[in-house]
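Colleague: One structure coming up, written as structure tokens, with questions to follow.
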Amino acid sequence: MPGLVGLFGAGIAVTEFATSFLLFASSEAEKRRSLQILAAAYLYSALMAISHVLTFPGALLPGLPVIATPVQGPAWIFLFWIAVFAVSCLAAVIVEVAGREKATHVTIWPVS
Numbered sequence: 001m002p003g004l005v006g007l008f009g010a011g012i013a014v015t016e017f018a019t020s021f022l023l024f025a026s027s028e029a030e031k032r033r034s035l036q037i038l039a040a041a042y043l044y045s046a047l048m049a050i051s052h053v054l055t056f057p058g059a060l061l062p063g064l065p066v067i068a069t070p071v072q073g074p075a076w077i078f079l080f081w082i083a084v085f086a087v088s089c090l091a092a093v094i095v096e097v098a099g100r101e102k103a104t105h106v107t108i109w110p111v112s
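All residue numbers for the sequence shown refer to my numbering, where the first residue is 1 and numbers rise by one.
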């Protein structure tokens, strides 16, 4: 199936751009740093999906990539895409947890 990688990349790019937009809008309303980091991670993922499709042989043009890269180029782009996205999501979670610990110190049982 020649266009499967291109279709897959386009689907990911569209959904990641939409998610990024919604997260950036939410972060403006709620002023939360963790949402900004997560929105940036999704924006990064959308851009990497596009770069992966452009360098993958046969994704858009039969048998060759739109942007010439070494043979293992698309694989390295994919690995870098997944690794940085995962680390960015983890950073957003860490920032969110750290912010909540600073903001609230609620005790469940009253101290007498």
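Glycine is no exception: its CB is placed at the ideal position from the N, C-alpha and C atoms. Every value quoted in this text rests on a predicted model; they were computed, and no experiment measured them.
1) Which residues in the same chain as residue 53 place their Cβ atom closer than 6 Å to its Cβ, once the five residues preceding and following it in sequence are excluded?
2) Does DSSP classify residue 64 as helix, strand or coil?
3) How is residue 74 classed by DSSP in three states: helix, strand or coil?
4) Please go through the same chain and pick out, in chain order, the residues whose beta-carbon is closer than 7 Å to the beta-carbon of residue 92, but skip the five residues on each side of it.
5) Counting Cβ pairs, one atom from each stretch, are 3 or more of them under 8 Å apart for the region 60-67 and the region 77-91?
6) Hey, could you find the ends of the alpha helix (DSSP H) residue 69 is sitting in?
7) Mapping DSSP to helix, strand and coil, what is residue 100?
8) According to DSSP, simplified to helix, strand and coil, what is residue 56?
Modeller: With the given structure in hand:
1) Here residue 53 refers to the residue found at position 53 of the sequence shown. So the qualifying residues of the chain are 6, 9, 59.
2) To locate residue 64, count along the sequence shown from 1; it is residue 64. Here residue 64 sits in strand by DSSP.
3) To locate residue 74, count along the sequence shown from 1; it is residue 74. It is helical.
4) Within the sequence shown, the letter at position 92 stands for residue 92. 34, 37, 38, 41.
5) no
6) Numbered from 1 along the sequence shown, position 69 holds the residue referred to as residue 69. Taken as a continuous stretch (DSSP letters only), residue 69 belongs to no alpha helix (DSSP H), as it is neither H nor E.
7) One-based indexing of the sequence shown puts residue 100 at position 100. Three-state result, residue 100: helix.
8) Stepping through the sequence shown from its first residue, residue 56 is reached at position 56. Coil, per DSSP.
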